[in-house]
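Following: one structure in structure tokens, then a few remarks.
Number of protein chains: 2
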Amino acid sequence: MQVVPPALDRLIENLSRLPGIGRKTATRLALNILRRPAAQAIELAASLTALHSAIQLCSCCFTFSESDPCAICADPKRNGEIVCVVEQPGDLMAVEKTGSYRGHYHILHGVLSPLDGIGPEEIKVRELLARVASGAVREVLIATSSTVPGEATASYLIDRLQGAPILLTRLACGIPMGMDIKYADKHTLAKAIEGRATAR
Amino acid sequence: MQVVPPALDRLIENLSRLPGIGRKTATRLALNILRRPAAQAIELAASLTALHSAIQLCSCCFTFSESDPCAICADPKRNGEIVCVVEQPGDLMAVEKTGSYRGHYHILHGVLSPLDGIGPEEIKVRELLARVASGAVREVLIATSSTVPGEATASYLIDRLQGAPILLTRLACGIPMGMDIKYADKHTLAKAIEGRATAR
Chain A
1 MQVVPPALDR
11 LIENLSRLPG
21 IGRKTATRLA
31 LNILRRPAAQ
41 AIELAASLTA
51 LHSAIQLCSC
61 CFTFSESDPC
71 AICADPKRNG
81 EIVCVVEQPG
91 DLMAVEKTGS
101 YRGHYHILHG
111 VLSPLDGIGP
121 EEIKVRELLA
131 RVASGAVREV
141 LIATSSTVPG
151 EATASYLIDR
161 LQGAPILLTR
171 LACGIPMGMD
181 IKYADKHTLA
191 KAIEGRATAR
Chain B
1 MQVVPPALDR
11 LIENLSRLPG
21 IGRKTATRLA
31 LNILRRPAAQ
41 AIELAASLTA
51 LHSAIQLCSC
61 CFTFSESDPC
71 AICADPKRNG
81 EIVCVVEQPG
91 DLMAVEKTGS
101 YRGHYHILHG
111 VLSPLDGIGP
121 EEIKVRELLA
131 RVASGAVREV
141 LIATSSTVPG
151 EATASYLIDR
161 LQGAPILLTR
171 LACGIPMGMD
181 IKYADKHTLA
191 KAIEGRATAR
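Read top to bottom, the protein sequences are chains A and B.
Read in order, the letters of the first sequence are residues 1 to 200 in full-length UniProt numbering.
Read in order, the letters of the second sequence are residues 1 to 200 in full-length UniProt numbering.
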């Protein structure tokens, strides 16, 4: 017996393809959408339809943008001599939210993961090397995640950029703000000791 | 500075209106949708657009259905003399999944909640009383949730149906299958003792 109407089942099926959303959550979301006015579902649908056609990659830093170059690359008030290398556009948003970075970006669109067949050619490494080779970059700040693939990607980039006449930096690794030292894991604490800075 | 492209921001805004999805999860979902082929976003949009126009309420049991009456109400193999009263269409799906109920349903579309201004007129109580008054129903199984508003709704329905020449039943309340008795909360255990059944 078809208890779930086909139109509802189709939406549940599509929603459950999203990351972190299983069939149960998808069902809950779909039933909630159905209970609300049709206009809200139509608006959500319209924003989905417009998404890919409105957004492209910035040809300079490869972030998602509606213009090319993106607002950051086009901003004369930002310092194009510093390039912050991140894995994904979401990481750029996180860095921007801090308000403490005024340089440009370079989005790799992934991390090196040989087991998944992702080598340097699959992510925007060549484009980064070209930007550095052009001579316009004075500092490359590597801001990949502090995970195994993130660290591996950072090591690879450091290796490739070793000979370039630039300053090569990485995000500091240490105790998160507001954290009680006794709850910090030993690897983080070791990194914090290793990277200790002079107090005044 | 507009770091999030407007088209992406619009989708994030719309996604974060869904229940249990905050701005952070909405951003993660939207970026994931953007990274995948446009065809998947279009298909999700199409299923959202088609939803409300394809689905209506069954005029007999008020579940979501593409046909009227719904597949359950129209099925001659099901026993229309028993009506299971549930809060929402999702509850009907849960009961159907057990495979151990072969009667009809009645969806209230809510529970009594005086503080939110939801009285008997706001949910499908009148329609249930009319179904019972028509004489076609022999048993009403009240299957509202075992929550405070669910119990209040059940009490109200029992009160209104007291005089009707029908069998009035409720779901059994007790220890969940597979649960260790020492971890059962005292209210559930008390209910299980109260509702104990003769063994063989």
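Cβ coordinates follow ideal geometry from the N, Cα and C atoms, glycine included.
- Shown in chain order are the members of the region 38-57 of chain B whose Cβ falls below 8 Å from a Cβ of chain A: A38, Q40, A41, I42, E43, L44, A45, A46, S47, L48, T49, A50, L51, H52, S53, A54 and I55.
- Rounded to the nearest whole angstrom, the CA to CA distance from A/I158 to A/A136 is 18 Å.
- The criterion of a C-beta distance shorter than 8 Å is satisfied by B/I142 and B/V85.
- The C-alpha of B/A184 lies about 26 Å from the C-alpha of B/V111.
- Taking a Cβ-Cβ cut-off of 7 Å, the neighbours of A/R10 in chain B comprise S47, given in sequence order.
- Less than 8 Å separates the beta-carbon of A/H104 from that of A/C61.
- Distance from B/G22 to A/T27 at the Cβ level is roughly 20 Å; contact not present, criterion being Cβ atoms closer than 8 Å.
- Taking a Cβ-Cβ cut-off of 8 Å, the neighbours of B/I33 in chain A comprise L18, L48 and L51, given in sequence order.
- The residues L15, in chain order, have a CB closer than 7 Å to that of A/L29 in the same chain once the five nearest residues on each side in sequence are set aside.
- For B/E151, the enclosing alpha helix (DSSP H) has its first and last residue at V148 to L161.
- Pairing B/A7 with A/A39 gives a Cβ-Cβ distance that is not under 8 Å.
- The C-beta of A/Q88 has 16 or more other C-beta atoms within 10 Å across all chains shown, which makes the residue buried.
- DSSP lists no beta-bridge partner residue for B/F62.
- Taking the CA atoms as reference points, A/I72 sits about 13 Å from A/G99.
- Annotation: B/R102 to B/G163 spans about 25 Å, alpha carbon to alpha carbon.
- The C-beta distance from A/I166 to A/V140 rounds to 6 Å, short enough to fall under 8 Å.
- By the beta-carbon neighbour count (other beta carbons within 10 angstroms, threshold 16), B/L115 is exposed.
- Against chain B, the beta carbon of A/N14 has neighbours under 7 Å at E43, L44 and S47, listed in chain order.
- When C-alpha distances from B/R170 are compared across B/M177, B/A190, B/S146 and B/G178, the shortest belongs to B/S146.
- The UniProt domain "Toprim" (81-176) of chain A is shown to contain whole beta strand (DSSP E) runs of 3 or more residues at 103-107, 139-142 and 167-170, in chain order.
- A Cβ of chain B is located within less than 8 Å of the beta carbon of A/S65.
- Per the coordinates, the alpha-carbon of A/M177 lies some 18 Å from the alpha-carbon of A/E96.
- Contact with chain B is absent for A/E87, since none of that chain's Cβ atoms lies less than 8 Å from the residue's Cβ.
- Counting only Cβ-Cβ distances below 9 Å, A/L29 has contacts in chain B at L18, P19, G20 and I21, in chain order.
- If you look at B/S47, you'll find it in the alpha helix (DSSP H) that goes A38 to A54.
- Rounded to whole angstroms, A/A54 and A/E66 show a C-alpha spacing of 6 Å.
- Within the same chain, I175 and I181 come within 8 Å of B/L189 by CB-CB distance, once the 5 residues on both sides are set aside.
- Counting the other CB atoms within 10 Å of its CB gives A/R131 a total of 16 or more, which places it among the buried residues.
- In this structure, the CA atom of A/V83 is about 20 Å from the CA atom of B/P5.
- C-alpha of A/Q2 to C-alpha of A/H106: approximately 50 Å in a straight line.
- Of all alpha-carbon atoms in B/L129, B/T153 and B/T144, the one lying nearest the alpha-carbon of B/L161 is that of B/L129.
- A check of alpha carbon separations from A/A133 across A/E81, A/C58, A/P69 and A/R35 identifies A/E81 as the nearest.
- Looking at the backbone, the Cα of B/A74 and that of B/R36 are separated by about 41 Å.
- Contacts with chain A at 8 Å (Cβ-Cβ) include B/E96.
- Beta-bridge analysis with DSSP links A/N79 to A/G103.
- Annotated three-state conformation of B/L18 is coil, per DSSP.
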